[in-house]
Amino acid sequence: MRDNAATARAQPLPGVIDCLGSGFSAINRAIWVILIPIALDIALWLAPRLSIAPLVDRWEQLYRSTAAQATAVAPPDAVTRQSMEQASAAFDAVRLVARDFNLLSLLTTNIANAFVPALGGTERLESGSVVDVGSFGAFVGLVVGLQLVGVLLGCLYLVLIAHAVTGERLAGATLVRRTIRAWLNAVGYGLLLLGVALVVAVPLGILVTLVGFVAPSAAQVMYALLFTAAWVAGVWMLLYLYFVTAAIVVGGLGPIRAIVSSIGIVRRHFWASLGLVVLTLVVTLGMGVIWNQLSTQPWGFGAAVVGNAYIASGLMSAGLYYYWQRSGLAGRPEQSSKPAS
Numbered sequence: 304m305r306d307n308a309a310t311a312r313a314q315p316l317p318g319v320i321d322c323l324g325s326g327f328s329a330i331n332r333a334i335w336v337i338l339i340p341i342a343l344d345i346a347l348w349l350a351p352r353l354s355i356a357p358l359v360d361r362w363e364q365l366y367r368s369t370a371a372q373a374t375a376v377a378p379p380d381a382v383t384r385q386s387m388e389q390a391s392a393a394f395d396a397v398r399l400v401a402r403d404f405n406l407l408s409l410l411t412t413n414i415a416n417a418f419v420p421a422l423g424g425t426e427r428l429e430s431g432s433v434v435d436v437g438s439f440g441a442f443v444g445l446v447v448g449l450q451l452v453g454v455l456l457g458c459l460y461l462v463l464i465a466h467a468v469t470g471e472r473l474a475g476a477t478l479v480r481r482t483i484r485a486w487l488n489a490v491g492y493g494l495l496l497l498g499v500a501l502v503v504a505v506p507l508g509i510l511v512t513l514v515g516f517v518a519p520s521a522a523q524v525m526y527a528l529l530f531t532a533a534w535v536a537g538v539w540m541l542l543y544l545y546f547v548t549a550a551i552v553v554g555g556l557g558p559i560r561a562i563v564s565s566i567g568i569v570r571r572h573f574w575a576s577l578g579l580v581v582l583t584l585v586v587t588l589g590m591g592v593i594w595n596q597l598s599t600q601p602w603g604f605g606a607a608v609v610g611n612a613y614i615a616s617g618l619m620s621a622g623l624y625y626y627w628q629r630s631g632l633a634g635r636p637e638q639s640s641k642p643a644s
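The sequence shown lines up with residues 304 to 644 when you count with this note's numbering.
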């Protein structure tokens, strides 16, 4: 056992292209895994669209009635008129998004980055029936419920891919246990990110609003600086927290330890990690354009769904394989010594 672990550590780490090849090889050995995103796409295609357009209309009506009452008491100054115009433009933009947005698409994305890569956002995947979400309580309940279910499906999907990558045999009871553990850790990670975002964003938002009443020009400068800082923080998080989900699924780590592990992997292997992340994003975005074009054709819907399921699964598998190799788990005695490619 010690000789095997020492030999694994002595071998050079696979490069980005090698990880991609090993990831797709793992999917080829467990090709049935792509049935999960295919099934989710079909379910989203057949299910009615959940629309939040009525809820947005109600919020806009409430805002306009409140603004009308306020302006009836005292004529608005230039700053107030500008704020009202900006709010009206924002409502127009939100209304355009809400008109085509399907709340069920939340099953395919979440803040924890543990999701099934379905094409749920494409226009072709909508049936003719629409169910309106008209109350705020129903909206919140659906968002929370869909996110929890989406993370659970994502963890099941990723656990299955992880075991295809490591070559470890997976019994039914073990699958359930590891999926539930990964789900709890992923939900905890998502709540942690959300909590940090609220702690930072809410006070800064209040500060900018208060400054806007006194010095509108200064508030605009602050807003630009905060937007730039948020963009930089987003890029940093995209790179350094990219392997948190892999640490949760492959390593079985909790949220904090998974964050530390992901940051450590990127710091020790910065250029390889950057290359994998950039290549994955480029392929994902490029293939997304192709799938969207195919899904608009009567004959292309099936090809888009199957193609997306295979390519996305291979990319996710490559990320898990990359983490597995560089975290040292591939050389541990309790892990299978079976090669991933």
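Ideal Cβ positions, reconstructed from N, Cα and C, are used throughout, including at glycine.
Three-state secondary structure (DSSP) of residue i
{"i": "VAL433", "result": "strand"}
{"i": "SER630", "result": "coil"}
{"i": "GLY353", "result": "Just to set this straight, residue 353 is Leu in the shown sequence, not Gly. Residue state, collapsed to three classes: strand."}
{"i": "LEU269", "result": "Absent from the model: residue 269. The displayed extent of the chain is 304 to 644, so no value can be given."}
{"i": "LEU428", "result": "Reliability of the predicted coordinates at LEU428 is poor, the pLDDT of 44 falling under 50, and the value obtained from them is presented with this limitation in mind. Correct three-state label for LEU428: helix."}
{"i": "TRP362", "result": "helix"}
{"i": "TYR613", "result": "helix"}
{"i": "ILE337", "result": "helix"}
{"i": "ILE320", "result": "helix"}
{"i": "SER565", "result": "helix"}
Alpha-carbon to alpha-carbon, residue j and residue i
{"i": "LEU455", "j": "VAL569", "result": "26 Å"}
{"i": "ALA621", "j": "GLY537", "result": "23 Å"}
{"i": "PHE573", "j": "LEU529", "result": "27 Å"}
{"i": "GLN314", "j": "GLY631", "result": "12 Å"}
{"i": "TRP534", "j": "VAL447", "result": "26 Å"}
{"i": "SER565", "j": "THR548", "result": "9 Å"}
{"i": "SER368", "j": "PHE394", "result": "14 Å"}
{"i": "ILE464", "j": "PHE546", "result": "15 Å"}
{"i": "LEU494", "j": "LEU542", "result": "19 Å"}
{"i": "VAL433", "j": "GLU363", "result": "21 Å"}
{"i": "GLY498", "j": "PHE439", "result": "21 Å"}
{"i": "PRO506", "j": "MET619", "result": "36 Å"}
{"i": "TRP335", "j": "LEU478", "result": "16 Å"}
{"i": "ALA518", "j": "ALA504", "result": "20 Å"}
Where residue i falls, given that 16 or more other Cβ within 10 Å makes a residue buried
{"i": "THR482", "result": "buried"}
{"i": "LEU323", "result": "buried"}
{"i": "MET540", "result": "exposed"}
Own chain residues within Cβ distance below 8 Å of residue i, not counting five before or after
{"i": "ALA485", "result": "ALA417, CYS458, LEU461, VAL462, ILE551, VAL552, GLY555"}
{"i": "VAL436", "result": "LEU353, SER354, ILE355, PRO357, LEU358, LEU406, PHE442, LEU445"}
{"i": "ALA527", "result": "none"}
Neighbourhood of residue i by C-beta distance below 7 Å, restricted to the same chain and skipping five residues each side
{"i": "LEU319", "result": "Strictly speaking, residue 319 in this sequence is Val, with Leu absent from that position. Around VAL319: ALA575, GLY578, LEU579, LEU582."}
{"i": "LEU422", "result": "ASP344, LEU428, TRP594, SER598, ALA607, VAL608, ASN611"}
Spatial neighbours of residue i in its chain, beta-carbon cut-off 6 Å, leaving aside the 5 residues before and after
{"i": "LEU449", "result": "LEU409, LEU410"}
{"i": "ALA521", "result": "VAL514"}
CB contact below 8 Å: residue i versus chain D
{"i": "GLY622", "result": "Looking for chain D here will not work: only one protein chain is present."}
Next on the checklist: Count Cβ pairs between the segment 501-514 and the segment 571-590 that sit closer than 8 Å; are there 3 or more?
Outcome noted: Judged by pairs of C-beta atoms under 8 Å, the segment 501-514 does not touch the segment 571-590, as fewer than three such pairs exist.
| So, do the segment 549-557 and the segment 620-632 have three or more beta carbon pairs nearer to each other than 8 Å? | Taking one beta carbon from each stretch, the segment 549-557 and the segment 620-632 have 3 or more pairs nearer than 8 Å; the two touch.
query: When the Cβ atoms of the segment 401-415 are set against those of the segment 324-331, are three or more pairs found closer than 8 Å?
result: Below 8 Å, too few C-beta pairs join the segment 401-415 and the segment 324-331 to call them touching: fewer than three.
**Message:** Below 8 Å, how does it come out for the segment 603-610 and the segment 339-353: are there three or more Cβ pairs, yes or no?
**Reply:** Result yes; three or more Cβ-Cβ pairs closer than 8 Å.
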